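Below: the structure, in C-alpha cells.
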Amino acid sequence: MSADPQLRERLERAAGFLQVDPAVELDRLHGAAHRRERGRRLRALAVAAVIGVLGIVVAWQLLPPGPAAVPAGIPGGRIAFLEVDGRRRVVVGLELEGGDVTALSDQDASALAAAWSPDGTRIATVVERPGPVYQVVVANADGTDPVTIVQEPGTGAVGPDIIDVAWSPDGAKIAYAGRVVEDGVARRTILIEDADGTGAPQALEGHWESVSWSPDGERLLVSGFPGREAPFDLFTVRPDGSGLVRLTNDGAALHRALWSPTGDRIVSFSGDGDYALDVYVMDADGANRRRLTSWEGLDMFPVWSPDGEWIAFASDRDATPAQQASNRSGEGIFTGLSMYAMRADGSGLREVLESDGALPVTWTS
Numbered sequence: 240m241s242a243d244p245q246l247r248e249r250l251e252r253a254a255g256f257l258q259v260d261p262a263v264e265l266d267r268l269h270g271a272a273h274r275r276e277r278g279r280r281l282r283a284l285a286v287a288a289v290i291g292v293l294g295i296v297v298a299w300q301l302l303p304p305g306p307a308a309v310p311a312g313i314p315g316g317r318i319a320f321l322e323v324d325g326r327r328r329v330v331v332g333l334e335l336e337g338g339d340v341t342a343l344s345d346q347d348a349s350a351l352a353a354a355w356s357p358d359g360t361r362i363a364t365v366v367e368r369p370g371p372v373y374q375v376v377v378a379n380a381d382g383t384d385p386v387t388i389v390q391e392p393g394t395g396a397v398g399p400d401i402i403d404v405a406w407s408p409d410g411a412k413i414a415y416a417g418r419v420v421e422d423g424v425a426r427r428t429i430l431i432e433d434a435d436g437t438g439a440p441q442a443l444e445g446h447w448e449s450v451s452w453s454p455d456g457e458r459l460l461v462s463g464f465p466g467r468e469a470p471f472d473l474f475t476v477r478p479d480g481s482g483l484v485r486l487t488n489d490g491a492a493l494h495r496a497l498w499s500p501t502g503d504r505i506v507s508f509s510g511d512g513d514y515a516l517d518v519y520v521m522d523a524d525g526a527n528r529r530r531l532t533s534w535e536g537l538d539m540f541p542v543w544s545p546d547g548e549w550i551a552f553a554s555d556r557d558a559t560p561a562q563q564a565s566n567r568s569g570e571g572i573f574t575g576l577s578m579y580a581m582r583a584d585g586s587g588l589r590e591v592l593e594s595d596g597a598l599p600v601t602w603t604s
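So, in C-alpha cells, the structure goes:
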C-alpha cells in the first residue's frame, strides 16, 4: 500500500460516494501479477472506473428545475440516482411519468447509497456527515420524516464506513455494507439491522462490499471474498451467515450486483478491455452469463425495473468527443455519464436522462 501514493489518494477521494473499498482495489491491483493477463486488465480497469467517477464530483452540473424529458415506452415508477455538485452528493428521485425530479436526502449531508423499501413507501439512504459520522436514514418515499436507524463514527480506515444498503422483502430488516473493528483492525462486511433501528446489528464473516436481498428473503447476494486473500467475486449467503455459495470465479472487480425482482437473474457490470465496462446478466446460480451492452466505453451501475423487464444504467455513449477521448485515454477523469434504459434482453435501448453523472441506485413502482 506504500506504492503509488497519488493513485491511493485519488481512490480515497473517489470512494466518498462509490461502493468500493480503495484499499482492497489497490491490494488487488498490486498483488495480482501472477494472474492471467485478462484478469489484470479487468482489475486495472475497475480501479480506473473508481478514479474516473471522481470526475462527476468535479464536472457535475445540477439538474435544471422542472420536469425532465423521459422518453415514452419505459415502464412507470421512480428511479433514485446520485446527483453530485462539488463535494455535495444528493439522492434525487426521477418520476418516469411526468419527469419530475425531487431531492430525497438531506442536502447538508453527503449521500453514498439508497434503496426503496419493497412497497415503495420508504427510502433508506446512507449518508456521511462531518466527523466523519456515517448514518443509515429511513424516510418516507418523498424524503420527509427521516429517522436515523444506524449511526457509526468513522473507524479511520480508508474510504467511507458504510457504502451500500438493501431491504429485506418484508421490509422488517435492512442490510448494509459497513465496518466492524476486531482486535483493532477494521473489516468491511455486511450488517443486518431491524428497519426501525431496534436491536443489535448482526455482522457476517468475510469481507463484503455490496449487498442485495433475494426476493424470497432466503439469501443475500454479496460481492467480495470470504477469506483474507481470496479473489473478489460474487457469492450468496443466508442472512444468518451460513450456506456460502460462490457464483463467479474470475476475480473481476466492481461487480455491483442486484437480484432481479423475480429472483431468477442477477445484473452486474464488468469489463474486458482498456476502455470498456458493460452490463451483464446471469442466472441466479451464476450460470449463463451474457453481455447486454456493447458500447466501446462505459456502461455501469445497472438497476432493475420493478417488473424485472427493464434495466437502467449509467453510460458515456452520448458524452462529447472530448469527454469520450479523455475517458478512453485514461489520462483524465470519466465524465459525460447519462442515464439509459433497455429491456432485460438488451433490446430497446433509449436515453432516460441526459447529464454529466446520473448514477441510478434504485427503481420502484
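According to this note's numbering, the sequence shown is numbered sequentially starting from 240.
Yeah, the Cβ is synthetic: ideal placement off N, Cα and C, and Gly gets one too.
Nothing here was measured: the structure is a model prediction, and the numbers come from that model.
Unbroken beta strand (DSSP E) run spanning residue i, endpoints
i	result
SER451	446-452
GLN390	386-392
SER462	459-464
SER349	349-355
GLY417	412-421
PHE552	549-554
GLN346	Segment: none, GLN346 is in no beta strand (DSSP E) and carries neither H nor E.
THR532	Note, THR532: premise wrong, no beta strand (DSSP E); not H, not E.
ILE431	424-433
THR601	598-603
ALA523	It is not in any beta strand (DSSP E) - ALA523 carries neither H nor E in the DSSP assignment.
ASP403	403-406
Best match in the options for proximity to residue i [C-alpha to C-alpha]
i	options	result
GLY445	VAL309, SER407 and GLY480	GLY480
ALA348	VAL330, GLY438, ASP358 and SER356	VAL330
ALA363	THR428, ALA434 and THR394	ALA434
GLY393	ALA405, GLY417 and VAL386	GLY417
PRO599	SER507, PHE552, ASP345 and VAL372	PHE552
VAL389	GLY395, ALA378, GLY547 and GLU468	ALA378
ARG361	SER344, GLU367 and ARG477	SER344
MET578	GLY585, VAL542 and ASP584	VAL542
Residue i versus residue j: straight-line alpha-carbon distance, rounded
i	j	result
TYR514	ASP384	43 Å
SER604	VAL591	16 Å
ALA352	GLU535	27 Å
LEU483	GLY569	37 Å
GLY456	PRO408	6 Å
GLY438	GLU391	15 Å
ILE429	ASN566	32 Å
GLY325	GLY596	In this prediction, GLY325 scores a pLDDT of 48, lower than 50, which makes its location untrustworthy; no coordinate-derived value is stated.
THR487	TRP498	15 Å
VAL518	VAL386	34 Å
PRO560	GLU593	15 Å
GLY423	PRO314	48 Å
ASP400	ARG485	25 Å
Where residue i sits in the DSSP three-state scheme
i	result
ALA272	Bear in mind that the predicted position of ALA272 carries a pLDDT of just 35, short of 50, making it too unreliable to give a figure here.
SER565	helix
PRO560	helix
GLU336	coil
THR341	strand
VAL372	strand
ALA311	coil
ARG589	strand
VAL397	coil
GLY575	coil
ASP455	coil
PRO500	coil
TYR514	coil
ASN488	coil
GLU228	What the structure shows of the chain is the stretch from 240 to 604, and residue 228 is not part of that stretch, so it cannot be assessed.
ARG328	strand
Contact with chain D by residue i, beta-carbon distance below 9 Å
i	result
ILE318	In the structure shown, chain D does not exist; there is a single protein chain.
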